[in-house]
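Below is one structure; the comments refer to it alone.
Number of protein chains: 2
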Amino acid sequence: MKARLSASRERIIAAALEIMAGQGYAGCSVAAVAGRAGMATGSVYRHFPTKADLFAEVFRTASQREVDAVARAAALQATVAKQVSAVIETFSGRALQSPRLAYALLAEPVDPAVDAERLVFRRAYAELIAGYVAAGVASGELPPQDPDVTATALVGALAEAMVGPLAAGVAGPSTIPSLITFIHRALGVSP
Amino acid sequence: MKARLSASRERIIAAALEIMAGQGYAGCSVAAVAGRAGMATGSVYRHFPTKADLFAEVFRTASQREVDAVARAAALQATVAKQVSAVIETFSGRALQSPRLAYALLAEPVDPAVDAERLVFRRAYAELIAGYVAAGVASGELPPQDPDVTATALVGALAEAMVGPLAAGVAGPSTIPSLITFIHRALGVSP
DNA sequence: CCAAGGGTTGAATGATGGTTCACTTCTTGC
DNA sequence: GCAAGAAGTGAACCATCATTCAACCCTTGG
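Chain order of the listed sequences is A and B.
Each residue of the first sequence is one higher than the one before, starting from 2 at the first, in my numbering.
Each residue of the second sequence is one higher than the one before, starting from 2 at the first, in my numbering.
Take a look at the structure:
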């Protein structure tokens with residue numbers, strides 16, 4: 002019985018994610034989510050007090066998944082240069098794989114309460130990168146710099162560079178390499 | 002008569018801008034805009050077919066003003082390094098002067114049709130910067146690079162770096178100089 | 001087997017806010 | 001002056017959803 006309860010909760014979140022990946026946040030009415038989860042509209046409110054709460058959690062889940070994937074890819078690399086390349090490639094690769102979801106997570110107009118989750122998402126990326134940058138500065142691989150400013154700026158650059166391609170559906174073949182070049186130079190990676 | 006007509010139109014746009022600067026897009030109901038412009042709700046629809054059309058134009062106007070200010074400041078400088086510094090200082094200075102407006106223009110959730118205008122806004126900045134970068138590459142002040150990717154990434158970095166401070170209301174004293182350092186390195190400006 | 005408790009239902013409710021429209025008021029050309 | 005037509009009015013309309021709720025199952029413990 003308890004299992005069924007939390008299973009419903011999971012089903013709701015999964016359904017919301019599926020709709021986000023297909024139609025974006027715009028398609029995520031409570032009725033649509035409930036329908037996709039195979040339950041009635043009202044049942045959603047047995048698990049989440051408001052729609053904003055539901056989607057705050059949905060965003061948190063999806064963001065965590067993205068950040069984890071990027072962190073996992075970066076952790077395999079030994080130098081800051083390669084770690085950051087891995088971040089960019091993984092991030093952009095996944096975004097282009099699910100463009101609608103990426104757009105929803107990054108830039109789609111959403112309820113302000115959900116928007117707050119987005120800041121957390123971007124902050125998580127920034128902190129991940131800041132860790133690598135700080136290590137690079139400490140080891141002398143990178144010149145002295147404020148890791149937090151660098152990381153924040155990188156996240157912005159990455160997100161901005163993806164918005165165009167996400168709208169178009171694909172990235173030009175040279176976009177990602179150019180971006181990596183740019184970011185290496187921005188970090189001060191010695192050639 | 003024609004004058005009065007276009008004067009009303011201007012009044013509507015001015016009123017919308019004022020409310021955006023005060024309460025953001027969230028406070029911009031058609032009724033509020035009409036009230037502030039000193040006319041009835043319905044009159045707004047004599048001048049704009051829909052709210053989205055109105056705000057597309059409002060965004061266009063505000064964006065143009067911002068881009069112009071930045072372009073004017075940059076044009077006074079002779080080197081790419083100084084031009085880009087001027088861009089950053091003007092952009093961030095103006096944003097911090099009217100944080101609510103800046104937030105609305107940059108990141109606040111808005112109608113998707115209006116959101117499209119935002120892309121144009123960012124594109125305009127990117128093109129402005131791309132021009133300077135291309136000139137710098139041509140003159141040898143900057144190393145070879147794709148000016149468009151560089152410029153897009155810079156716009157993203159700049160916008161992202163401002164979102165935190167805009168939410169907080171002020172930027173830390175070292176944020177702007179750090180950002181300038183970062184971006185100079187990103188461009189490959191020789192020290 | 002049965003009653004009790006709580007999960008489930010989905011149509012009704014309510015709030016919001018963009019849009020319309022029948023009517024009034026002004027401007028303009030004759 | 002005086003139609004004719006355009007601009008202005010603002011209350012009413014309507015669509016969209018989030019949210020609620022009273023009637024319905026199911027599960028479960030006795």
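Backbone N, C-alpha and C fix where the C-beta goes; we use that ideal spot for every residue, glycine too.
Small disclaimer: the values here were computed from a predicted structure and weren't measured.
- Per DSSP, the continuous alpha helix (DSSP H) segment holding G94 (chain B) begins and ends at V81 to Q98.
- Residue contact with chain B for E118 (chain A): absent (no Cβ-Cβ distance below 8 Å to any residue of chain B).
- Note that the C-beta distance between E90 (chain B) and I177 (chain B) is below 8 Å.
- Within a 10 Å sphere around the beta-carbon of S86 (chain A) sit 16 or more other beta-carbons, which makes this residue buried.
- Under the 8 Å Cβ criterion, the region 42-51 of chain A does not count as touching the region 63-81 of chain A, having fewer than three qualifying pairs.
- Assignment of F183 (chain A) by DSSP, reduced to helix, strand and coil, places it in the helix class.
- Here DSSP, grouped into helix, strand and coil, assigns Q146 (chain B) to coil.
- Nearest C-alpha to M40 (chain B) among B:I13, B:V134, B:V150 and B:A139: B:I13.
- Taking the Cα positions, S179 (chain A) is about 11 Å away from P145 (chain B).
- The beta carbon of A103 (chain A) is closer than 8 Å to those of R95, A96, L97, M163 and L167 in its chain, skipping five residues each way along the sequence.
- Counting only runs that start and end inside the region 31-59 of chain B, the alpha helix (DSSP H) elements of at least 4 residues fall at 31-37 and 42-48.
- Assignment of P113 (chain B) by DSSP, reduced to helix, strand and coil, places it in the helix class.
- Comparing alpha carbon positions, the residue from B:S7, B:A169, B:Q24 and B:D149 closest to G173 (chain A) is B:D149.
- Residues F49 of the same chain have their beta carbon placed closer than 6 Å to that of L55 (chain A), with the five preceding and five following residues left out of the count.
- The three-state reading of DSSP puts A168 (chain A) in helix, counting H, G and I together.
- In the three-state reduction of the DSSP assignment, V190 (chain B) falls in the coil class.
- Interface annotation for the region 159-180 of chain B against chain A: L159, A160, E161, A162, V164, G165, A168, S175, T176, S179 and L180, criterion Cβ-Cβ distance under 8 Å.
- One Cα belongs to G141 (chain A), the other to A131 (chain A), and the distance between them is close to 15 Å.
- Rounded to whole angstroms, the gap between the alpha carbons of A63 (chain A) and D147 (chain B) is 33 Å.
- Per the coordinates, the alpha-carbon of G157 (chain B) lies some 27 Å from the alpha-carbon of A79 (chain A).
- P178 (chain A) carries a helical assignment under DSSP once its states are collapsed to helix, strand and coil.
- Residues of the same chain with a CB within less than 7 Å of the CB of G170 (chain A), apart from the 5 flanking positions on each side, are P100 in chain order.
- The beta carbon of A22 (chain A) sits closer than 7 Å to the beta carbons of S99, R101 and L102 from its chain, once the five residues preceding and following it are set aside; these are given in chain order.
- Residue environment analysis places A114 (chain A) among the exposed positions, since fewer than 16 neighbouring C-beta atoms fall within 10 angstroms of its C-beta.
- Taking a beta-carbon distance threshold of 8 Å, F183 (chain A) counts as an interface residue toward chain B.
- The beta carbon of P148 (chain A) does not come within 8 Å of any beta carbon belonging to chain B, so the residue lies off that interface.
- Annotation: Cβ neighbours of T151 (chain A) in chain B (cutoff 7 Å, chain order): F183.
- With respect to E19 (chain B), R37 (chain B) sits close: the two C-beta atoms are nearer than 8 Å.
- At a C-beta separation below 7 Å, V156 (chain A) has these neighbours in chain B: E161.
- Shown here is that no member of the region 38-51 of chain A has a Cβ falling below 8 Å from a Cβ of chain B.
- A139 (chain A) and V81 (chain A) have their C-alpha atoms spaced approximately 11 Å apart.
- What V111 (chain A) touches in chain B, judged by beta-carbon distance under 9 Å, is P110, going in chain order.
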